[in-house]
Amino acid sequence: MCLSTESFDHSTARTSIFQLSNALGSESLDAYVGLIANQKLQTELYVLSFLLKNRVYPGDLWELVGERSIEAKQEETLRRHQSICANGHAGRHAAVERILLDERKRRCQMEVSLYTQAIEVLEQHWLSRFGARSKHFIRPPLRQMIAPMDHLPLPCTLLACSISASISSCTGPSLPLSSTWVTADVQKSFYESFKQELTIRAELMVTSLATRCSNAYLHNLGLDLLILQAKRRRAHTEIALYTMAINNLCQYKFMDTMHHRPDDENSEDDAEESCGDYEDYEDDEDYNSEDCKNLNMQ
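Position in the sequence shown (first residue = 1) + 4 = the working numbering.
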C-alpha cells in the first residue's frame, strides 16, 4: 500500500509527552532523553535541554523535545517507504509531504520563540553580572575564526538538507520530496546558517561532552548566547525553506487537479501495487545501525 497520512499521525505520542511534562517537570527531561537509543538524536536533545532549561517554560521545552523525537520516527518511516516504492500515487505523496512540511515549519517557529526567550534571559543576566559595556565584547571563540569543516546533516535538519541537497552536498541519508521544490538562494541561505550553527556548537561539544551521558556541560554565558543566536538564525532560514516548499507544493496540487484524467483511479491502484505491502513494516523508534553510522559527525 502507498503512503497514507495515518502513518504519520503521532497525536497519541504528543499527548503522552504532554502528560509526562506535567508529571515530571524539567528535572526529569534529561532522564527521558537518556532513554533514546539513537545517540545522535540523544546528543542533540541533551544540548537543546542544556541551552533552554531554566530559561523557558518547561512544558514548551518538553514539547520541542517531543517534536524532534516524532520527526525522527517520521523520517525513518518515509525513508523505508521510499526504499520500496518506485511509483507511488502522486496525490498521496503530496499529502504526506504537506504534513511533514507543515509540522517542521511549526517546530521551527517554536524554536524561534524559545531561542528568543532564552536569549533575552541570558542578556539580562549578562547585563546584571558584567554591565552594559561588556556585552558588546562577546566574540566567537578563536577556534571559530577558522573556516568551518564539512559536517554531515544532523537529525534536526535532515528533511531541510534533503530539500537543499543540490547546493549543500550533504552526504547523509536523503529524503527527497517528489512534490515540491525551492529556489537556489533559499537553499543556500539555509545551508550557510546551518553550517554556522554546527561550527559554533562544536565549541560546546569539544569543551563539555567529556561526560555526555551525565549532561555535565560547562556554562559559558557568551558561548551560550552565540549558539542560541546561531540556532535562531538557522530556524528562520529553515522556516523560509519550508514556506517556499509548501507554496510550491500547493501549486503542484493545483496543476495536478487541472490535469486530472478519468483513468487516474486505475493508475492509483497500480501505484499501490508497486509500493508493495508497506504496512507490514513495524514501527521502529530508532535509526538502524547503518543510518546511525552515516549520521556520525565528523
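Quick reminder that beta carbons are idealized off the backbone N, C-alpha and C, glycines included.
CA nearest to the CA of residue i, picked from the options
i, options, result
"Leu76", "Ile40, Arg96, Ile21, Val51", "Looking at the sequence provided, one finds Ala at residue 76 rather than Leu. Ranking Ile40, Arg96, Ile21, Val51 by Cα distance to Ala76 puts Ile40 first."
"Thr120", "Arg237, Glu80, Ala27", "Arg237"
"Leu82", "Gln200, Leu104, Arg72, Asp64", "Leu104"
"Phe12", "Ile74, Ala244, Gln200", "Ile74"
"Leu181", "Arg84, Thr16, Lys57, His97", "His97"
"Gln46", "Arg72, Ser87, Ala99, Leu131", "Arg72"
"Glu67", "Gly95, Gln78, Gly38, Met114", "Met114"
"Arg10", "Ala99, Pro62, Arg111", "Note on identity: in this sequence residue 10 is Glu, with Arg being the wrong assignment. When each option's Cα is compared against that of Glu10, the closest is Ala99."
"Phe198", "Ser132, Leu131, Val37, Cys112", "Cys112"
Residue i versus residue j: straight-line alpha-carbon distance, rounded
i, j, result
"Gln191", "Leu126", "31 Å"
"Glu207", "Val60", "23 Å"
"Glu107", "Ser53", "21 Å"
"Leu4", "Val69", "There is no way to answer for residue 4, as the model of the chain reaches only from 5 to 302."
"Ala249", "Glu242", "11 Å"
"Ala17", "Asn26", "14 Å"
"His264", "Ala188", "Bear in mind that the predicted position of His264 carries a pLDDT of just 46, short of 50, making it too unreliable to give a figure here."
"Ile204", "Leu230", "7 Å"
"Asp34", "Lys57", "10 Å"
"Leu24", "Ser87", "34 Å"
"Phe22", "Val37", "15 Å"
"Asn251", "Gly63", "31 Å"
"Cys89", "Ser32", "40 Å"
"Leu253", "Ser132", "48 Å"
Residue i vs residue j beta-carbon contact at 8 Å
i, j, result
"Glu101", "Thr184", "yes"
"Leu65", "Ser30", "yes"
"Lys44", "Thr247", "no"
"Val186", "Leu245", "yes"
"His129", "Leu225", "yes"
Exposed unless 16 or more other CB atoms sit within 10 angstroms - verdict on residue i
i, result
"Val210", "exposed"
"Asp228", "buried"
"Met262", "With a pLDDT of 44 at Met262, under the threshold of 50, the modelled position of this residue cannot be trusted; read the value that follows with caution. Looking at its Cβ environment, which holds fewer than 16 other Cβ atoms inside 10 Å, Met262 is exposed."
"Asn42", "buried"
"Ser193", "buried"
Supposed contact pair residue j and residue i - C-beta distance, whole angstroms, cut 8 Å
i, j, result
"Ala234", "Glu201", "4 Å"
"Val51", "Ala239", "The pair is not a contact, with the Cβ atoms about 15 Å apart (cut-off 8 Å)."
"Ile123", "Leu232", "5 Å"
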